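Numbering (our numbering), first residue to last: 6 to 171.
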Amino acid sequence: MYEKLIPDMIVENIYQIDLDFLKEKGITSLVLDIDNTLVPQKSKFPDKQTIEWLEKMKEEGFKICLISNNTKRRVNEFKEKVGVPGIAWAIKPRKGAFKKALKILDAKPNETALIGDQIFTDIFGGKRAGLYTILVKPLSKEELGWTKLMRRAERHVLKRIEEYEN
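This is the structure we're talking about:
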């Protein structure tokens, strides 16, 4: 099970993702977490840079679907601003929402990457669904109590990954 917690790629933020590398791997679709991945936790809407990045992804030929454990209202407002489909109340890391995203994208797991900021929801869920997983550092320190608790466990996992790689 431990291997399902290890992301395939770790980057500082979405802007550091090597698109050519993803294309070489056959990735055509992206499943994106919203909070603390695309925008800080408390940001209601994406900033100009995030919107431009999403537009670039579309121009590069990537199909995009948002996925969030947040409310329908939150996801609907966000997806309307960026013009991509989205799934609310995803209950990550359960597989259901990831399978739904694949259906929306008309994509197979091996051609889809999940991008998120949490190991125990995003990465674990993406791995369980067979997706290529990319972990970004959270954009904000402001988080819900449960998430703060999970971050402690994540630090342990990240330390083990670092030790393994060295």
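Glycine is no exception: its CB is placed at the ideal position from the N, C-alpha and C atoms.
Here the structure is a predicted model, which means the values were calculated and not measured.
Residue i: first and last residue of the uninterrupted alpha helix (DSSP H) it sits in
{"i": "Ile56", "result": "Lys53 to Glu64"}
Assigned exposure category for residue i - 16 Cβ within 10 Å defines buried
{"i": "Asn171", "result": "Residue confidence is low: Asn171 scores 48 on pLDDT, short of 50, so the model does not pin down where it sits. Its coordinate-derived value is still stated next. Under this definition Asn171 is an exposed residue."}
{"i": "Thr42", "result": "buried"}
{"i": "Tyr137", "result": "buried"}
{"i": "Lys132", "result": "buried"}
{"i": "Leu24", "result": "exposed"}
{"i": "Ile96", "result": "exposed"}
{"i": "Gly91", "result": "buried"}
{"i": "Ile11", "result": "buried"}
{"i": "Phe84", "result": "Correcting the residue identity first, residue 84 is Lys in this sequence and not Phe. Answer is buried; the Cβ neighbour count reaches 16."}
{"i": "Gly31", "result": "exposed"}
Coil, strand or helix - residue i by DSSP
{"i": "Asn171", "result": "At Asn171, the pLDDT of 48 sits below 50, so the modelled position is not reliable; the number obtained from the coordinates is stated separately. In the structure shown, Asn171 sits in coil (DSSP, three-state: anything other than H, G, I, E or B)."}
{"i": "Ile139", "result": "strand"}
{"i": "Asp40", "result": "strand"}
{"i": "Leu144", "result": "coil"}
{"i": "Ala93", "result": "coil"}
Sheet register partners of residue i (DSSP bridge)
{"i": "Lys68", "result": "Ser34"}
{"i": "Ala106", "result": "Ala106 pairs with nothing; no bridge assigned."}
Nonlocal neighbours in the same chain, by C-beta distance under 7 angstroms from residue i, ignoring five residues either side
{"i": "Asp38", "result": "Ile72, Ser73, Ile120, Gly121, Asp122 and Asp127"}
Same chain, Cβ closer than 6 angstroms to residue i, neighbours up to 5 away in sequence not counted
{"i": "Lys68", "result": "Ser34 and Leu110"}
{"i": "Met14", "result": "Ile139"}
Own chain, CB closer than 8 angstroms to residue i, minus 5 neighbours either side, in chain order
{"i": "Ile56", "result": "Lys86 and Val87"}
Where the beta strand (DSSP E) through residue i begins and ends
{"i": "Ile15", "result": "Met14 to Val16"}
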